[in-house]
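Everything on this sheet refers to the single structure shown next.
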Amino acid sequence: MAAASRVVQVNTRSCLFIHLQVVRPHAPLIKFPDRKGIPRPNVQEALKVLAASLPQISPSASVSPPPRPPGPVSRLPGTPDSIDVVRDLPHKYRRRTLALDEMDYIQRGGPE
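Residues in the sequence shown are numbered from -17 upward in steps of one, following my numbering.
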């Protein structure tokens, strides 16, 4: 790739200076490996190997109950929201009230 050059003329007080600036060629900072020589994996073979390596579970094994949360959900410290807080919000921060047809539209998931 050849270097590009640019001529800059500067005129200061009856003297004309010509300055030649050379733009360096682009040097990529990231290099990606050439993947053309690497064979693509066969999905069917990978699934067979994966199925063979997993332990077999018998259908008569007892099913454990789903995990429960570690404890009650704790609230964040501070004063809880109340209707007074919502009422004191400036109008531009309040939620816009929805009309019944808008609610129906949302419940349907879009146009009929």
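Don't be surprised by glycine CBs; every beta carbon is placed ideally from N, CA and C. In this text, all values refer to a predicted model and were calculated from it rather than measured experimentally.
Rounded straight-line distance, which links the Cα of residue j to that of residue i
{"i": "T79", "j": "R50", "result": "37 Å"}
{"i": "A81", "j": "I88", "result": "11 Å"}
{"i": "V68", "j": "M85", "result": "22 Å"}
{"i": "Q26", "j": "L32", "result": "10 Å"}
{"i": "G60", "j": "S35", "result": "52 Å"}
{"i": "H8", "j": "L71", "result": "54 Å"}
{"i": "D66", "j": "P37", "result": "58 Å"}
{"i": "I20", "j": "G91", "result": "46 Å"}
{"i": "P54", "j": "P10", "result": "54 Å"}
{"i": "D63", "j": "D83", "result": "29 Å"}
{"i": "L2", "j": "P23", "result": "54 Å"}
{"i": "Y75", "j": "P48", "result": "40 Å"}
{"i": "S46", "j": "A28", "result": "29 Å"}
{"i": "V5", "j": "I12", "result": "20 Å"}
{"i": "K30", "j": "R77", "result": "54 Å"}
- Item | alpha helix (DSSP H) segments (min. 4 residues) lying fully within the region 53 to 94 | 65 to 70, 82 to 90
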